[in-house]
Amino acid sequence: MSALLAASLAACGTSGNGAAPSSPGGAGTVIVYAAASLKATFEELGRSYSATRPGTTVKFSFGGSSGLLTQLTQGAPADVFATADTPTMDRARDAGLVSGAEPFATNTLTIATAPGNPKGIASLADLTKPGVSVVVCAKPVPCGVATAKVTAAAGVTLAPVSEEDAVSSVLAKVRHGQADAGLVYKTDVRGTDGAVGAVDFPQAADAVNVYPIATLSGAKNAAGAQGFIEYVRGPEGRRALEAAGFGAP
Numbered sequence: 016m017s018a019l020l021a022a023s024l025a026a027c028g029t030s031g032n033g034a035a036p037s038s039p040g041g042a043g044t045v046i047v048y049a050a051a052s053l054k055a056t057f058e059e060l061g062r063s064y065s066a067t068r069p070g071t072t073v074k075f076s077f078g079g080s081s082g083l084l085t086q087l088t089q090g091a092p093a094d095v096f097a098t099a100d101t102p103t104m105d106r107a108r109d110a111g112l113v114s115g116a117e118p119f120a121t122n123t124l125t126i127a128t129a130p131g132n133p134k135g136i137a138s139l140a141d142l143t144k145p146g147v148s149v150v151v152c153a154k155p156v157p158c159g160v161a162t163a164k165v166t167a168a169a170g171v172t173l174a175p176v177s178e179e180d181a182v183s184s185v186l187a188k189v190r191h192g193q194a195d196a197g198l199v200y201k202t203d204v205r206g207t208d209g210a211v212g213a214v215d216f217p218q219a220a221d222a223v224n225v226y227p228i229a230t231l232s233g234a235k236n237a238a239g240a241q242g243f244i245e246y247v248r249g250p251e252g253r254r255a256l257e258a259a260g261f262g263a264p
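With this note's numbering applied, the sequence shown has no gaps in its numbers, which climb one by one up to 264 at the end.
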């Protein structure tokens, strides 16, 4: 994994070149664009970070990593970018949006089912059985790329009833009975407190997603951005991420 990270991520550290002056000590508003799978954990961290830093507010925009990258490329204002895979962050660096990134978590896929698994799904192959409706992430999204990897490793071809632009949308369709199963991250199922079931499968190990985080080159609050990143990668962030089911990078 260390070799993969070295090849995939830019050198540690971020740059505020070209950014507007930061608020003293990083106070003020920090705008974070983050992968949908980070929503609950990052909102928790945003509250605790702000509580210990008077005058600081953290605002979030969550969605599929590729969609967020498109928004940033089109000029959406933000200070921090956190993606659900390294290739998306690499594209952000190639576009000049970031100059460096740091890994802070890992995640793997599981099969989300209705509580009690009424369709008796036990493997990826079971998702191809007649009468089983499955929903997945679209391939441009990191969870869609991971889905393609695990199904190829299992020799399975899915016929999804829907392809979504964020993992949260896949989970919602299973949760509300619009599909029998969906491929989502383990952390997503864990965050539902039993509202959906989970079926693990061995091929998930073939598609471990590494999550990187970076200060955007055009950040208006670069000091605040770096402070939040250090908090996420520090002891408080590590505890919250582990509690949510994320692995260490």
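All residues carry an ideal CB built from backbone N, CA and C; glycine is no exception. Quick caveat, the model's predicted, so the values are computed rather than measured.
Asked                                                                                                                           : Found
Take Ala213 as the anchor and find which of Ala168, Cys158, Ala137, Val225 has the nearest alpha-carbon.                        : Ala137
When you compare each of Leu87, Leu186, Glu245 to Ser52 by their alpha carbons, which one comes out closest?                    : Leu186
When DSSP labels each residue in this structure, what does Thr85 get in the three-state scheme?                                 : helix
Pull up the distance between the alpha-carbon of Ala238 and that of Ala110, whole angstroms please.                             : 22 Å
Which class does Thr101 belong to by DSSP, given the choice of helix, strand or coil?                                           : helix
Please look up how many angstroms separate the CB atoms of Thr123 and Lys54, rounded, as I've assumed it's under 8 Å.           : The pair is not a contact, with the Cβ atoms about 18 Å apart (cut-off 8 Å).
Give the DSSP-derived three-state secondary structure of Gly262 in the structure shown.                                         : strand
State yes or no: is the C-beta of Ala240 within less than 8 Å of the C-beta of Asp94?                                           : yes
Three or more C-beta pairs closer than 8 Å, one from the stretch 126–133 and one from the stretch 57–67: is that the case here? : no
Can you tell me the Cα-Cα spacing of Leu173 and Thr103, whole angstroms?                                                        : 24 Å
Give me the DSSP bridge partner(s) of Thr44.                                                                                    : Thr72
Measuring straight from C-alpha to C-alpha, what distance separates Leu84 and Thr162?                                           : 20 Å
At which residues does the beta strand (DSSP E) containing Pro227 begin and terminate?                                          : 224–230
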